[in-house]
Amino acid sequence: MLLTWIAEVAEETLVLEPADRRLEREANTWLLGVDDEERRSLSVAEVVSAFEGAAAALRVRIRALGFTGVATFYVWHDEQAGQLRCSVGSVSPRELPFGAAYVPSRELAPIVQGFLADAGPEELPPRVWVCGVGGAAS
């Protein structure tokens, strides 16, 4: 189911409203969890590929909407919730709406590996995979 849910992220309601980042965050954030059996059945490569596919689909969709600003699709592992989370915002990778420090990363595999391994505490500050999906360079 996780791979299906990731693909569906690109088809969900999408709000790009630079003047209302709270609205963006509420509308564009997805929480993705799996049970232990599914977690064991998934590979890092297939989950990474699913997110990369979602990012590509979002990029096409956002450009088709005529949005020309910066937009970032980002993924992180919420260890306490045991979930992968992802969102889209009209912000650069350095302006994501986290209340604490984070490290923008172009490498998704280590984040997915931590989720699939149901690993202990992540490194701090946490890494967040970032991918530009807007009309302007992110």
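The sequence shown: position 33 = 33 (full-length UniProt numbering), numbered continuously.
Cβ atoms here follow ideal geometry from the backbone N, Cα and C, with glycine treated the same way.
Please read all numbers here as calculations on a predicted model, not as lab measurements.
Given a cut-off of 9 Å on the beta-carbon distance, is the pair residue 16 and residue 62 in contact? Against a cut-off of 9 Å, the Cβ pair of residue 62 and residue 16 comes out as a contact.
### Message
Under 8 Å, with one C-beta from each stretch per pair, do the stretch 125–134 and the stretch 59–77 reach the 3-pair mark?
### Response
Yes: the two stretches touch, three or more of their Cβ pairs being nearer than 8 Å.
* Asked: If you count every other CB in all the chains shown that lies within 10 Å of the CB of residue 66, and 16 or more means buried, which is it?
  -> Classification for residue 66: exposed.
Counting only runs of 4+ residues fully inside the stretch 68–121, write out the alpha helix (DSSP H) ranges in chain order. Qualifying alpha helix (DSSP H) stretches, in chain order: 109–116.
- [ ] Compare the Cα-Cα distances from residue 113 to each of 93, 8 and 40 and report the closest residue.
- [x] Among 93, 8 and 40, the Cα nearest to that of residue 113 belongs to 40.
With a CB to CB cut of under 6 Å and the five nearest residues on each side skipped, what residues in its chain are close to residue 47?
The residues are 112.
Quiz item: Quick one, are the C-beta atoms of residue 69 and residue 25 less than 9 Å apart?
Solution: For residue 69 and residue 25, no; Cβs fall outside 9 Å.
- Query: In whole angstroms, what separates the C-alpha of residue 82 from that of residue 116?
  - Reply: If I take the Cα positions, the gap works out to 9 Å.
(request) Could you tell me the boundaries of the beta strand (DSSP E) in which residue 160 lies? (result) The structure shown does not extend to residue 160, since the chain spans only 1 to 138, so no value can be given for it.
* Would you please state the rounded distance, in angstroms, between the beta carbons of residue 133 and residue 58? I believe it to be under 8 Å. => Contact between residue 133 and residue 58 holds, since their C-beta atoms are separated by about 5 Å, short of 8 Å.
Do you know whose CA, among 35, 53, 91 and 38, lies nearest residue 8's CA? The option with the nearest alpha carbon to residue 8 is 53.
Less than 9 Å separating the beta-carbons of residue 1 and residue 34? Cβ atoms of residue 1 and residue 34: closer than 9 Å.
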